[in-house]
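Engineer:
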Amino acid sequence: MAKPGRRSRPVAATRDRKPASSGSASSAPRPAAKPHPKAAATAKVVAEAASKADAKPDAKPPRPVPPPEEPPPSRSLWLAEVLRDRIITGVYAPGERLREAQLRAEFGFSNGPIREALQAVVAAGLAERPPFQGVRVKRLSEREIVELFQVRLALLEYAVELAARQVTPETVAAAAELKRSIDAAFDKLDEGHPAFGGRMSQWLLAAAGNRIMREIWDNTMQQTLIYVNASFAKSRGRKSRMLLRALIDHICDGDVAAARRTARALTVQTLADLGIAGTL
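So the sequence shown is numbered by the numbering used here: it starts at 1 and just counts up by one.
1. Under 6 Å Cβ to Cβ from K302, same chain only, skipping five residues before and after it: list those, please.
2. What is the residue span of the beta strand (DSSP E) that V135 lies within?
3. Output the residue ranges of the beta strand (DSSP E) runs that lie fully inside the region 76-138 and measure 3 residues or longer, sorted by chain position.
4. Assess contact between the region 152-168 and the region 118-134, defined as three or more Cβ pairs (one per stretch) separated by less than 8 Å. Is contact present?
5. In angstroms, rounded to a whole number, what distance separates the CA positions of T89 and T267?
6. How far does the alpha helix (DSSP H) with W203 in it reach, from first residue to last?
7. According to DSSP, is D255 helix, strand or coil?
8. Should S201 go down as buried or exposed, given a rule of 16 or more other Cβ atoms within 10 Å for buried?
9. To the nearest angstrom, how far is the alpha carbon of R84 from that of R139?
10. Residue range of the alpha helix (DSSP H) that N229 falls in?
11. With 16 other CB atoms within 10 Å as the buried threshold, where does Q222 fall?
12. Using three-state DSSP, classify A277 as helix, strand or coil.
13. For R143 versus P113, is the C-beta spacing smaller than 8 Å?
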């Protein structure tokens with residue numbers, strides 16, 4: 001019995017209905033599916049690229065991109081070298097504070113590279129960091145300066161001996177350029193410019209050819225250049241200039257004894273120009 005409110009389907013009509021045959025002429029064909037818009041666009045791009053390739057069979061391959069150049073040195077290393085040169089040539093005096101704000105204003109660097117550079121000159125023994133006082137150029141007492149130059153003289157005498165025993169044409173050729181550089185530096189010193197920053201030491205250590213000695217010198221003896229250049233500035237290097245040239249000549253002549261004597265005389269003169277008395 002049919003429920004009220006619901007229309008019942010005729011039984012005869014339901015039984016007599018049959019599925020339409022796929023091969024009958026009265027069945028309508030199903031329409032073809034449309035391609036997706038993105039797929040159509042991709043096919044169009046591929047077709048255009050293929051037609052261009054067919055039209056230009058002799059097209060040149062794309063120009064290769066050159067490799068990037070070597071990156072420049074880091075800002076902190078560059079600034080550390082600038083600070084080192086300023087310290088050993090007397091631009092920054094012993095005891096002078098190296099202020100981050102001034103360096104930031106001068107070079108336009110952020111705090112990171114500036115602090116790394118300051119730490120580098122502290123590690124090199126050229127500056128110190130007293131508690132709550134920032135970074136200052138290291139100041140030595142007279143006794144500490146004498147002790148420092150005692151060690152310098154020991155290395156210097158042995159270095160000139162090694163260099164004089166194994167003179168090479170390269171050493172002699174570099175010596176001629178070094179003497180011209182020394183003369184130019186002292187001429188500028190008379191005009192108030194700072195002295196040269198260790199070129200004599202570089203030439204001597206290269207001529208000596210002792211790698212360990214060079215490492216010791218680079219790590220501990222840079223501080224002596226502060227006082228060497230200060231002595232030149234104070235006395236205008238009148239005697240030191242003559243002794244430097246004589247030392248170079250003795251080394252190039254292979255005269256070990258004369259080279260050692262001159263190295264000692266040069267060290268004594270440096271302390272005398274600074275007004276420091278001490279036994280070497």
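In this text, a Cβ means the ideal position worked out from N, Cα and C, and glycines have one as well. The structure presented is a predicted model; accordingly, all values stated were derived computationally and were not measured.
Structural biologist: The relevant details are as follows:
1. For residue 302 there is no data in the structure shown, the boundaries of the chain being 1 and 280.
2. 135-137
3. 135-137
4. no
5. 18 Å
6. 199-208
7. Three-state DSSP puts D255 in coil, outside helix and strand.
8. buried
9. 15 Å
10. For N229, the enclosing alpha helix (DSSP H) stretches over residues 222-235.
11. buried
12. coil
13. no
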